[in-house]
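In this note's numbering, the protein residues as written are 54 to 199.
Shown next as structure tokens:
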């Protein structure tokens, strides 16, 4: 390479929208963190662990926003997703405290956003199934990869 850089301008986040989330890895982390009783870790370890779900929560929230934008305005699922997004808006940017409670709160945030994303993807695949555009297996496969 010649040492030059290419700047990529994507203000609508279209490129990021096409990248799949590594959901299984984060679900395993969330499950492990929420199972903690009293792990006795150093504060910096809790902070490092909490950074993982915090970054993922931002990406999932962006996915939720994209799905909400594709729903009709009068769809209740979009309204519920908006409420969840408003409730979780400041949490990913809140300073990390270096405690088990902080890491577990970050994990709960990811779980909440995944639940909302699942409901939205189910909502989008259901009309296609009824119209005969997609088979049930394809819809299930698409929702699992989201």
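Using N, Cα and C, we set each Cβ at its ideal position, and we do this for glycine too.
Local conformation of residue i per DSSP, three classes
i           : result
residue 104 : helix
residue 126 : coil
residue 175 : helix
residue 92  : coil
residue 45  : Since the first and last residues shown for the chain are 54 and 199, residue 45 lies out of range.
residue 142 : coil
residue 131 : helix
residue 149 : coil
residue 168 : helix
Supposed contact pair residue j and residue i - C-beta distance, whole angstroms, cut 8 Å
i           : j           : result
residue 113 : residue 149 : Not quite, the Cβ-Cβ distance comes to about 18 Å (not below 8 Å), so this is no contact.
Contacting residues, own chain, Cβ-Cβ under 7 Å from residue i (five flanking each side not counted)
i           : result
residue 138 : 114, 117 and 118
residue 172 : 130
residue 163 : 79, 83, 106, 109, 110 and 113
residue 92  : 153
Spatial neighbours of residue i in its chain, beta-carbon cut-off 6 Å, leaving aside the 5 residues before and after
i           : result
residue 160 : 83, 86, 87 and 106
residue 120 : 173
residue 96  : 151
Same chain only: Cβ atoms within 8 Å of residue i, ignoring 5 sequence neighbours per side
i           : result
residue 74  : 109, 112, 113, 116 and 199
residue 125 : 131
Span of the alpha helix (DSSP H), counted from its first residue to its last, around residue i
i          : result
residue 74 : Counting along the chain, residue 74 falls outside any alpha helix (DSSP H), and DSSP gives it neither H nor E.
(message) Across the stretch 98-106 and the stretch 146-161, are there enough close Cβ pairs to call them in contact, namely three or more that are closer than 8 Å?
(response) Touching, yes.
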